[in-house]
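Peer 1: First, the structure itself, so that you have it in front of you.
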Amino acid sequence: MADMSDPSFILPPTSTGYLPYRGYKTWYAIWGTLPPPSAYPLPPSQPRPLLVVPGGPGAGHNYLLPLSDLSKTHNIPVITYDSIGCGNSTILRNKDVGVGFWTLDLYVEELQALLDHLGVKEWDVLGNSFGGMLVAEHALSHPAGLKHMVVACSLATTTDWGVASQLWRDKLPDNGGAIMRKHELEGTTGSEESKHWTEEFNARHECRVVPMPEYVRRTFEILDENPDAGEVMIGPSNVDITGTLSTYTLIPRLPLISTPTLVYWGKYDVGQEICTKPFAELIPGAVAFKFLQGSHMPHVEQRGVHMRLVGDWLVGKGLAGSEEGVLERLK
Numbered sequence: 001m002a003d004m005s006d007p008s009f010i011l012p013p014t015s016t017g018y019l020p021y022r023g024y025k026t027w028y029a030i031w032g033t034l035p036p037p038s039a040y041p042l043p044p045s046q047p048r049p050l051l052v053v054p055g056g057p058g059a060g061h062n063y064l065l066p067l068s069d070l071s072k073t074h075n076i077p078v079i080t081y082d083s084i085g086c087g088n089s090t091i092l093r094n095k096d097v098g099v100g101f102w103t104l105d106l107y108v109e110e111l112q113a114l115l116d117h118l119g120v121k122e123w124d125v126l127g128n129s130f131g132g133m134l135v136a137e138h139a140l141s142h143p144a145g146l147k148h149m150v151v152a153c154s155l156a157t158t159t160d161w162g163v164a165s166q167l168w169r170d171k172l173p174d175n176g177g178a179i180m181r182k183h184e185l186e187g188t189t190g191s192e193e194s195k196h197w198t199e200e201f202n203a204r205h206e207c208r209v210v211p212m213p214e215y216v217r218r219t220f221e222i223l224d225e226n227p228d229a230g231e232v233m234i235g236p237s238n239v240d241i242t243g244t245l246s247t248y249t250l251i252p253r254l255p256l257i258s259t260p261t262l263v264y265w266g267k268y269d270v271g272q273e274i275c276t277k278p279f280a281e282l283i284p285g286a287v288a289f290k291f292l293q294g295s296h297m298p299h300v301e302q303r304g305v306h307m308r309l310v311g312d313w314l315v316g317k318g319l320a321g322s323e324e325g326v327l328e329r330l331k
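Quick note: the sequence shown uses UniProt numbering, first residue 1, plus one each step.
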């Protein structure tokens, strides 16, 4: 019997493949069995496929692998992928494609292209971090087949991300936040001292599981190996958002989303509630939870509770209530 309580355990995918996209290849993986075209419209008793959308930009799918648990716990077919330019997909650098290649449209259209490629006609989406921005943009296009959306530890504005990150940095011991800032300003983030404090920050606010699972560590490696998309769109620092998304905000458009939405974040999340709470406040009918032992990855840190909350909500079993020290229902 698979021990899904073990943070290191990952289910092997049922199948993998490639989507031809803009002349390149997007890698994807599937857990469970997707409904055949003849099965649509799906009966209420049949779980819809869940598309899990990675963050970054360019983070890769690896840190989201525990979401595959839902294929076993709730019989939900799970799909995830590596965004174009990273991981198992075609690797692309600015020198190959130019800085103008990296846009929100590139990623949002990739999401829909994958669903079309797989013949999925009814679906749910879950987007973590930058992926939460992408699924919100997807919902704002009002696709007929989108039934439910989960916004996980995301950001409604990029400026708030910088504010929240700095607030946490200021709480690091031994002046660690100032040291991180100094290295960013001096362009020495590759130094051992800078790496030490980045790892310390990540262990507090990205993933609090010790030791950090290898699949999570691999995501950080992927970001380091090919930072171009992130540096173009966000910038070299999470505090100073200087990239093409420096003034990005979803705030005015969130009330236009009509998709049933579940929102959550972790108590120690990089973005805190500053970044994610607007989704809960402004999307009509949205429900919200805080994982009280989690940070940016509650699906890793509080894996069982997370899968129960998300899975039950997606299959219509109702909503969980607050659990002391574990989960807080906010809305």
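Idealized CB from N, CA, C, for every residue including glycine.
Whole angstroms is fine: what's the gap from tryptophan 102's alpha carbon to glutamate 221's?
Peer 2: Residue numbering aside, residue 102 sits at position 102 when the sequence shown is read from its first letter. Residue numbering aside, residue 221 sits at position 221 when the sequence shown is read from its first letter. If you take the alpha carbons of tryptophan 102 and glutamate 221, they lie about 20 Å apart.
Peer 1: Measure from the alpha carbon of threonine 157 to the alpha carbon of each residue in Trp123, Thr276, Gly177 and Ser71, then state which is nearest.
Peer 2: For this step, residue 157 is matched to residue 157 along the sequence shown. Selected option, being the one with the closest Cα: Thr276.
Peer 1: Decide if leucine 256 is buried, meaning its Cβ has at least 16 other Cβ atoms within 10 Å, or exposed.
Peer 2: Working through the sequence shown from its first residue, we reach residue 256 at position 256. Exposed, because fewer than 16 other Cβ atoms sit within 10 Å of the Cβ of leucine 256.
Peer 1: Just the Cα atoms here: how many angstroms apart are histidine 142 and valine 135?
Peer 2: Residue numbering aside, residue 142 sits at position 142 when the sequence shown is read from its first letter. Residue numbering aside, residue 135 sits at position 135 when the sequence shown is read from its first letter. Those two C-alpha atoms are separated by around 11 Å.
Peer 1: Within 7 Å (strictly less), CB to CB, does alanine 39 reach chain C?
Peer 2: This model lacks chain C altogether, as it is built from one protein chain only.
Peer 1: Measure the CB-CB distance between glycine 311 and phenylalanine 291 and report whether it falls below 7 Å.
Peer 2: For the purposes of this step, residue 311 is identified with residue 311 of the sequence shown, where counting begins at 1. For the purposes of this step, residue 291 is identified with residue 291 of the sequence shown, where counting begins at 1. No, the pair does not count as a contact, with Cβ atoms beyond the cut-off.
Peer 1: Give the DSSP bridge partners of proline 37, in chain order.
Peer 2: Reading the sequence shown from its first residue, position 37 is the one you call residue 37. For proline 37, which the question treats as bridged, DSSP gives no partner whatsoever.
Peer 1: I'd like the ranges of any alpha helix (DSSP H) spanning at least 4 consecutive residues and lying wholly in the segment 102-172.
Peer 2: Fully enclosed alpha helix (DSSP H) runs of 4 or longer: 104-118, 130-140 and 158-169.
Peer 1: When you compare each of Phe201, Leu185, Cys153 and Leu155 to aspartate 174 by their alpha carbons, which one comes out closest?
Peer 2: Translated into the one-based positions of the sequence shown, residue 174 becomes position 174. Nearest option by C-alpha distance: Phe201.
Peer 1: First and last residue of the beta strand (DSSP E) that includes threonine 261?
Peer 2: Against the sequence shown, residue 261 aligns to sequence position 261. Its beta strand (DSSP E) spans residues 261-266.
Peer 1: My understanding is that histidine 138 touches glutamine 112, with C-beta atoms under 8 Å, so please give their C-beta distance in whole angstroms.
Peer 2: The sequence position of residue 138 within the sequence shown is 138, counting from 1. The sequence position of residue 112 within the sequence shown is 112, counting from 1. About 7 Å; that satisfies the 8 Å criterion.
Peer 1: Helix, strand or coil: how does DSSP classify tyrosine 24 here?
Peer 2: On the sequence shown, position 24 is the one that residue 24 refers to. The answer is strand: DSSP assigns tyrosine 24 an E or B state.
Peer 1: Could you compute how far the alpha carbon of leucine 172 sits from the alpha carbon of histidine 205?
Peer 2: Here residue 172 refers to the residue found at position 172 when the sequence shown is read from its first residue. Here residue 205 refers to the residue found at position 205 when the sequence shown is read from its first residue. Cα-Cα distance, rounded: 11 Å.
Peer 1: Which of helix, strand or coil does DSSP assign to serine 8?
Peer 2: On the sequence shown, position 8 is the one that residue 8 refers to. Coil.
Peer 1: Classify proline 284 as buried or exposed, calling it buried when 16 or more other Cβ atoms lie within 10 Å of its own Cβ.
Peer 2: Your numbering for residue 284 matches position 284 in the sequence shown. Exposed: under 16 other Cβ atoms inside 10 Å.
Peer 1: Going by DSSP, name the residue or residues bridged to threonine 80.
Peer 2: By 1-based counting over the sequence shown, the position of residue 80 is 80. DSSP output for threonine 80 lists Ala29 and Val52 as bridge partner(s).
Peer 1: Count the other CB atoms, across all protein chains shown, that sit within 10 Å of the CB of threonine 188; report buried if there are 16 or more and exposed otherwise.
Peer 2: Residue mapping note: residue 188 aligns to position 188 of the sequence shown, counting from 1. Under this definition threonine 188 is an exposed residue.
Peer 1: Determine the direct distance from the alpha carbon of tryptophan 27 to that of proline 12, and round the result to whole angstroms.
Peer 2: Here residue 12 refers to the residue found at position 12 of the sequence shown. Here residue 27 refers to the residue found at position 27 of the sequence shown. Those two C-alpha atoms are separated by around 15 Å.
Peer 1: Please say whether glycine 177 and aspartate 170 have beta carbons closer to each other than 7 Å?
Peer 2: For the purposes of this step, residue 170 is taken as the residue at position 170 of the sequence shown. For the purposes of this step, residue 177 is taken as the residue at position 177 of the sequence shown. Yes; because the gap between Cβ atoms is below 7 Å, this pair is in contact.
Peer 1: Report the three-state DSSP secondary structure of methionine 1 (helix, strand or coil).
Peer 2: The residue labelled residue 1 in the question sits at position 1 within the sequence shown. In this predicted model, methionine 1 has a pLDDT of only 43, less than 50, meaning its place in the structure is not dependable; the value taken from the coordinates is given anyway. If DSSP states are grouped into helix, strand and coil, methionine 1 belongs with coil.
Peer 1: With three or more C-beta pairs closer than 8 Å as the rule, is the segment 19-39 touching the segment 71-86?
Peer 2: Yes: the two stretches touch, three or more of their Cβ pairs being nearer than 8 Å.
Peer 1: Using 10 angstroms around the beta-carbon of alanine 152, count the other beta-carbons present and answer buried if the total reaches 16, otherwise exposed.
Peer 2: Here residue 152 refers to the residue found at position 152 of the sequence shown. Buried is the call here.
Peer 1: I need the boundaries of the alpha helix (DSSP H) containing arginine 253, first residue and last residue.
Peer 2: Locating residue 253 in the sequence shown gives position 253, where the first residue counts as 1. Here arginine 253 belongs to no alpha helix (DSSP H), and DSSP marks it neither H nor E.
Peer 1: Let me know the secondary structure DSSP gives alanine 288 once reduced to three states.
Peer 2: Mapped onto the sequence shown, residue 288 falls at position 288. Of the three classes helix, strand and coil, the one that applies to alanine 288 here is strand, per DSSP.
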